[in-house]
Amino acid sequence: MNVLVALSGGVDSSVAAALLLDEGHDVVGVTMKLWGGDSDTGCCSAADVDDARAVARRLGIDHLVFNFGDDFTREVVDPYVDDHAAGRTPNPCIECNRHLKFDRLVGRADALGFDAVATGHHARIVSAPDGTLRLARGADPAKDQSYVLYVLEPARLARVRFPVGAMTKAEVRAEAARRGLPTATKPDSQDVCFITATGGREAFLGSRIPLHPGRVVDTAGRQVGTVDAVELVTVGQRRGLGLAGGGARRHVLAVDPTAAVVVVGGADELAVEGVALERCCWASGHPPVPGTPVEAQCSAHGRPRPAEVAAVGEDGSVQLRWRSAQPRVAPGQSVVVYDGDVVVGGGIARAAGAVTGAVAHPRSAGASTPPAAPPPASSG
Amino acid sequence: MPAYLDHAATTPVRPEVLAAMEPFLVDRFANPSGPHALARDARRALDEAREELAGTLGAHPGEVVFTSGGTEADNLAVLGVHDRRGGALVCPATEHHAVLDPVRTRGGRVVAVDGRGVVDREALAQALDPSVTLVSVMLVNNETGTIQPLAEVAELVRDRAPGAYLHTDAVQALRWLDVAREASVADLVSVSAHKLGGPKGVGALVVRRGVELAPRLLGGGQERGLRAGTQNVAGAVALATAARLAAAERSRTVARVRGLRARLLDGLRSSVPGLVETVPDGVVAGICHLCVPGVESEALLYLLERDGVYASAASSCVSGAMEPSHVLGAMGVDHDLAAGALRLSLGATTTDAEVDHALTVIPAAVDRLRRHSMVSR
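Printed below as a string of structure tokens:
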């Protein structure tokens, strides 16, 4: 088989390429140039391209570079900025997987005559009872990346390989060391590749959209603190809210960038019965039958929560109901539904309806107010 | 047989050039600045190379400054003039980055071009005033092959910025045009060896008598103090030899390559529907810049190389990734069309068989990609 393996310059994709060679495939490496701006992690810097090339040289395979920078800006960076401007908390890695790695790259690979695309993701591809493919958790619970891959439908999975998905990270590193791959001890990439550790989200967003100072109010509408930038606040957040010390822990319940208001409340007020999902993807083509017990994961390393589908909307949205009340999910976050280790599907959390209790401040109708149209992103 | 159609990127070293330079790498290796007979031998070879190149370029030997290549020559011209004289720098938006970036870092004025990539007279006139110290206009564009009307530019400069020097990057021109004549109006002329059968790593800047510029490299005072560093004698000999051979063969080579280019273009026109010839006239014989609608350069080039056709989109960065071309952007080429840029560049060694091979492979690759993009949409 002709396999195009996405070499990020990290250890996982290096070992993935090596394993495919062992299996006798014809392997070509490719590094996607996605981000032209500052980066100190992730898969876009010139140093990472050099690392990927060094791995390819060691393995004796060809190495290409594809520039998908325009697509990345349009499909990942701009929506990321827009989401923050609207008070949502996006998962840019999921959008990158959806639009870049498993659409743009797979499409390019098809056009060039490759049979499959492989990456170094920690996830497995398994067969469902009906013979179609399903995504499942990687073998290493600490490194499982199925959450950021839930958007891959069975037809797409048929063109994809995750050679290290059945290995633990320690096994991957040992394998890389055994083969003398130059990436064996390279640290794992952290966080979002286009956000630098020094500048953080604040510098990134602040250079693209106006960041507004905001009032922090409780559910009775009383001001209890301030924040420097409403756009940087996430539902569920506890720190950095300028709250006076003492008293019960308070969490962000809602963010309203239009009114520049952050609503906080206690853990009891953070808890909700469920979450509504939109832009859903289901492996079988349809959501689980209401009442079917499932588990749902609400962040990349979140603990799975027992749940069931409560209702399916005509627009394809799905209401998940938690078995017991759970902290509200930040709007914009993906919620991935599992049956055991197998990904059933998922979607993106909508704002969790009206904030518990009366929101006294007249300018803040809580998160139920649709956010104003975000300002156009200015990123290049 | 494979078809190498990327001569504008670089060319193979000619056997005659290799033979001419080889003694200065091994037997006659001495430092031309040294005090002994071996050094004087190297010095003599360097002087001869300088004279020979000066002759080919229509310059005096004392006007030739050897450099490490075209980029250094361009940088020395632009930054050297600015460091010495200050003032405003002017260049068209389609210049090579080796000119464009230095002009920009010095706050220079970047001037619009027309749809063919020719500098816009009006825009240039507006950018010129007595504060301008250097105008840099490349004789032949490396992406599109567009030839600039240097004499007209010189006239405009004399008229509106009489104190300004005119620099021309003639790196792509030297293979195809009589640079001695075409660049005679320029005060500073950059050339490079590896575009015409010489090795990488050597070039020259012609600095006409009386032109004042500050050196970029300080040290031993070589090259009349304009470019310190032990001279690359073998490289200088190679450049002079390659330029002399190119000049001697020019009319024959140009006529032959023009014929190959016409056949290539005609063949592709009839086999690739919608093909756009980016600049239909006023280009050198060796460069054929095309835009292939509905196709992405990166994908096309990979399919071509798999079938032994080596071409370029002419705007790759060091990583090998394609970058959007600033040249096509400045010419107003539609973004989607520019995404399908294909530069086929021919050279003195290009054969009929290579053209035949390209004519077989390119239409099939375009067809495959177009069929695929229809399926996926």
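Protein chains in written order, with the numbering used here: chain H, 3 to 382; chain Y, 287 to 663.
Beta carbons: idealized from backbone N, C-alpha and C, even for Gly.
These numbers come from a predicted model, not from an experiment.
{"Asked": "In angstroms with no decimal places, state the Cα-to-Cα distance between Leu-504(Y) and Val-194(H).", "Found": "44 Å"}
{"Asked": "Taking the straight line between their C-alpha atoms, what separation do you get for Val-405(Y) and Val-569(Y)?", "Found": "14 Å"}
{"Asked": "Flag Asp-112(H) as yes if its beta-carbon sits less than 8 Å from any beta-carbon of chain Y, otherwise no.", "Found": "yes"}
{"Asked": "Closer than 8 Å by beta-carbon distance: list the chain Y residues that pair up with Leu-154(H), in chain order.", "Found": "Within chain Y, no residue comes near Leu-154(H); the closest Cβ sits about 16 Å away, beyond 8 Å."}
{"Asked": "Of all the CB atoms in chain Y, is at least one closer than 8 Å to the CB of Asn-69(H)?", "Found": "yes"}
{"Asked": "Would you mind listing the alpha helix (DSSP H) stretches within the region 48-115 of chain H that are 4+ residues and don't spill past its ends, in chain order?", "Found": "48-61, 71-74, 80-87, 94-98 and 107-113"}
{"Asked": "Let me see if you follow: with CB-CB separation under 8 Å, is Ala-627(Y) close to chain H or not?", "Found": "no"}
{"Asked": "Which runs of the beta strand (DSSP E) fall wholly inside the region 114-162 of chain H and span at least 3 residues, in chain order?", "Found": "118-120, 125-129 and 135-139"}
{"Asked": "Sorted by chain position, which residues of the same chain lie with C-beta nearer than 6 Å to Tyr-152(H)'s C-beta, five sequence neighbours on each side aside?", "Found": "Val-338, Val-345 and Gly-348"}
{"Asked": "Would you decide whether Gly-305(H) is buried or exposed? Buried here means 16 or more other CB atoms lie within 10 Å of its CB.", "Found": "The identity of residue 305(H) in the sequence shown is Arg, whereas the question assumes Gly. By the 10 Å Cβ count, Arg-305(H) comes out exposed."}
{"Asked": "Name, going along the chain, the residues of the region 571-599 of chain Y whose beta-carbon falls closer than 9 Å to a beta-carbon of chain H.", "Found": "Glu-582, Glu-584, Ala-585, Tyr-588, Leu-589 and Arg-592"}
{"Asked": "For His-621(Y), count the other beta carbons within 10 Å of its own beta carbon; 16 or more makes it buried, fewer makes it exposed. Which is it?", "Found": "exposed"}
{"Asked": "Indicate the three-state DSSP secondary structure (helix, strand or coil) for Gln-321(H) in the structure shown.", "Found": "strand"}
{"Asked": "Does the beta-carbon of Gln-458(Y) have 16 or more other beta-carbons within 10 angstroms, so that it is buried, or is it exposed?", "Found": "buried"}
{"Asked": "Could you name the residues of chain Y that Leu-159(H) contacts, counting a contact when the two beta carbons are closer than 7 Å?", "Found": "Chain Y residues near Leu-159(H): none, gap ~17 Å exceeds 7 Å."}
{"Asked": "Using beta carbons (cut-off 8 Å, strictly below), is Leu-655(Y) in contact with chain H?", "Found": "yes"}
{"Asked": "His-612(Y) versus chain H: which residues are under 8 Å apart at the beta carbon?", "Found": "Under the 8 Å cutoff, chain H gives no residues; its nearest Cβ is about 14 Å from His-612(Y)."}
{"Asked": "Roughly how many angstroms separate the alpha carbons of Ala-18(H) and Arg-163(H), rounded to a whole number?", "Found": "9 Å"}
{"Asked": "Counting only C-beta atoms, is Gly-382(H) closer than 8 Å to chain Y at any point?", "Found": "Reliability of the predicted coordinates at Gly-382(H) is poor, the pLDDT of 33 falling under 50, and the value obtained from them is presented with this limitation in mind. So, not an interface residue."}
{"Asked": "Tell me which residues share the same chain as Pro-215(H) and place their Cβ nearer than 8 Å to its Cβ, disregarding the 5 neighbours each side in the sequence.", "Found": "Thr-228, Val-229, Asp-230, Ala-231, Val-232 and Ala-262"}
{"Asked": "Please name the residue in Leu-234(H), Phe-104(H) and Gly-133(H) whose C-alpha comes closest to that of Gly-89(H).", "Found": "Leu-234(H)"}
{"Asked": "Measuring alpha carbon to alpha carbon, tell me which residue in Gly-431(Y), Arg-446(Y), Val-399(Y) and Val-389(Y) is nearest Gly-618(Y).", "Found": "Val-399(Y)"}
{"Asked": "Count the other CB atoms within 10 Å of the CB of Pro-559(Y); is the residue buried (16 or more) or exposed (fewer)?", "Found": "exposed"}
{"Asked": "List the DSSP bridge partners of Gln-299(H).", "Found": "Val-338(H)"}
{"Asked": "How about Ala-120(H) and Pro-165(H): do their beta carbons lie closer than 8 Å?", "Found": "yes"}
{"Asked": "Going along the chain, which residues of its own chain have a beta-carbon closer than 7 Å to the beta-carbon of Leu-339(Y), five neighbours each way excluded?", "Found": "Val-350, Ala-490, Leu-525, Ala-526 and Ala-529"}
{"Asked": "Exposed or buried, which one is Thr-357(Y) when buried takes at least 16 other CB atoms within 10 Å?", "Found": "buried"}
{"Asked": "Hey, is the region 626-635 of chain Y in contact with the region 60-79 of chain H, meaning 3+ C-beta pairs nearer than 8 Å?", "Found": "no"}
{"Asked": "If you measure from the beta carbon of Leu-66(H) to each beta carbon in chain Y, is any gap under 8 Å?", "Found": "yes"}
{"Asked": "Just to confirm the assignment: which complete alpha helix (DSSP H) runs, minimum length 4, are found wholly within the region 395-465 of chain Y?", "Found": "407-413 and 436-446"}
{"Asked": "For a quick check, are the C-beta atoms of Val-218(H) and Val-266(H) less than 8 Å apart?", "Found": "yes"}
{"Asked": "Does DSSP put Ser-319(Y) in a helix, a strand or coil?", "Found": "coil"}
{"Asked": "Looking at the unbroken alpha helix (DSSP H) that takes in Thr-527(Y), where does it start and where does it end?", "Found": "519-557"}
{"Asked": "What's the gap between the Cα of Ala-335(Y) and the Cα of Val-652(Y)?", "Found": "46 Å"}
{"Asked": "For Leu-590(Y), which residues of its own chain have a beta-carbon under 7 Å away from its beta-carbon, when the five flanking residues on both sides are left out?", "Found": "Ala-597, Val-647, Ile-648 and Ala-651"}
{"Asked": "Look at the alpha carbon of Glu-468(Y) and the alpha carbon of Ser-557(Y), and state the distance between them as a whole number of angstroms.", "Found": "36 Å"}
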